[in-house]
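Residue numbering for the sequence shown follows the numbering used here, beginning at 70 and increasing consecutively.
All residues carry an ideal CB built from backbone N, CA and C; glycine is no exception.
Treat the numbers as computed from the prediction; the structure is a model and nothing was measured.
Notes to accompany the following structure.
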Amino acid sequence: MFSQRTRWSLQPNRLTERLAMRRRMGRPILDLTESNPTRCRIALPTEETLEAWRAPENLVYEPSPKGLPAAREAVAAFYAEKGVNIHPERIVLTASTSEAYSFLFRLLTDPGDAILVPRPSYPLFEFLAALNDVQLSP
């Protein structure tokens, strides 16, 4: 049904079994892989956040494939303060580390290429490499 790229083993392993057991027992879990800000207990400045929605300019959606120009300019300014000049047009902002790695795999490799990765490494390298037809070599 799905591509060969996604035929990963979905069998439980020791870690997932222990995690399920702790959840069943109601034991606390510190999940360092959680990235959803509504679930990782980040204290949001609610009044400030709601106030931002009242400004009409914040209600306009203008997607930019490389990231918001103002954000890229801020990154360029940050590096300029450190003596590194980079034009905002050369900066690409991504929504996540995984997206950035996928962009790099597509930009720098061809299907079937092997790349060196450290061990331990980014936890999703195996999956991202498979989705991008890249082989990993530790």
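Rounded straight-line distance, which links the Cα of residue j to that of residue i
i: L193; j: A145; result: 28 Å
i: E150; j: P157; result: 14 Å
i: R76; j: R159; result: 36 Å
i: R87; j: M94; result: 11 Å
i: L113; j: E120; result: 13 Å
i: S167; j: S133; result: 19 Å
i: D202; j: A143; result: 34 Å
i: P180; j: F174; result: 9 Å
i: Q80; j: F71; result: 17 Å
i: G152; j: Q204; result: 37 Å
i: P125; j: E131; result: 13 Å
i: R123; j: L101; result: 34 Å
i: R188; j: S206; result: 10 Å
Own chain, CB closer than 6 Å to residue i, minus 5 neighbours either side, in chain order
i: A199; result: R74
i: L185; result: S206
Extent of the continuous alpha helix (DSSP H) run through residue i
i: L88; result: R83 to M94
i: L205; result: No alpha helix (DSSP H) holds L205; the beta strand (DSSP E) holding it covers Q204 to S206.
i: E142; result: P138 to E150
Simplified DSSP assignment, three categories, for residue i
i: A183; result: strand
i: Q73; result: helix
i: S167; result: helix
i: T178; result: coil
i: L79; result: coil
i: L113; result: coil
i: N154; result: coil
Cut-off 7 Å between Cβ atoms - residues of its own chain near residue i, not counting five sequence neighbours on either side
i: A169; result: T163
i: Y148; result: I155
Range covered by the beta strand (DSSP E) that runs through residue i
i: S104; result: Per DSSP, S104 belongs to no beta strand (DSSP E) and is neither H nor E.
8 Å Cβ shell around residue i - same chain, five flanking residues per side excluded
i: S171; result: L197, L200 and N201
i: N82; result: none
CB of residue i within 8 Å of CB of residue j, strictly
i: E117; j: C109; result: no
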